[in-house]
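Accompanying notes for the structure given below.
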Amino acid sequence: MGTLRIDMLGTSFTIENNYDSEFLNQLLTYYKHEVNAIEKQGNLKDDIQIAIMAGISMCEEVYKDKMEKQKTQLAYKNDVTNSKSTKVVDELLKKLDSVL
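Residue numbers (this note's numbering): 638 to 737.
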């Protein structure tokens with residue numbers, strides 16, 4: 638079980654999680670990178686708004702990755718199905734050729 642001390646956006650707290658502390662620190666570092674990118678844009682000044690936008694930005698990444706994974710899985714299934722269909726058609730054509 639890992640612990641992580643978070644000091645950012647005007648708040649401080651500690652969390653405990655089943656992940657190890659190193660992994661939690663990596664997550665926090667990534668999140669801080671997102672927060673900094675949004676702060677640099679300068680459109681938002683309120684810490685809560687910045688935190689929400691960082692969360693939405695990260696959700697967008699996860700969502701796009703998930704959709705891409707689903708497309709890849711579907712394409713693979715279609716390839717497998719098409720491959721099987723092609724084999725069946727080839728076998729039928731060979732049988733027809735042999736009968737004719």
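Even for Gly, the Cβ is constructed at its ideal location relative to N, Cα and C.
Keep in mind it's a predicted model, so treat the numbers as computed, not measured.
Burial state of alanine 691 is buried, judged by a 10 Å Cβ sphere holding 16 or more other Cβ atoms. The DSSP-derived three-state label of glycine 692 is helix. Distance check between methionine 645 and each of Leu729, Met695, Ile687 and Gly679 places Ile687 closest, using alpha-carbon atoms only. Here DSSP, grouped into helix, strand and coil, assigns aspartate 644 to strand.
In the three-state reduction of the DSSP assignment, asparagine 654 falls in the strand class.
Per DSSP, the beta bridge partners of serine 649 are Asp644.
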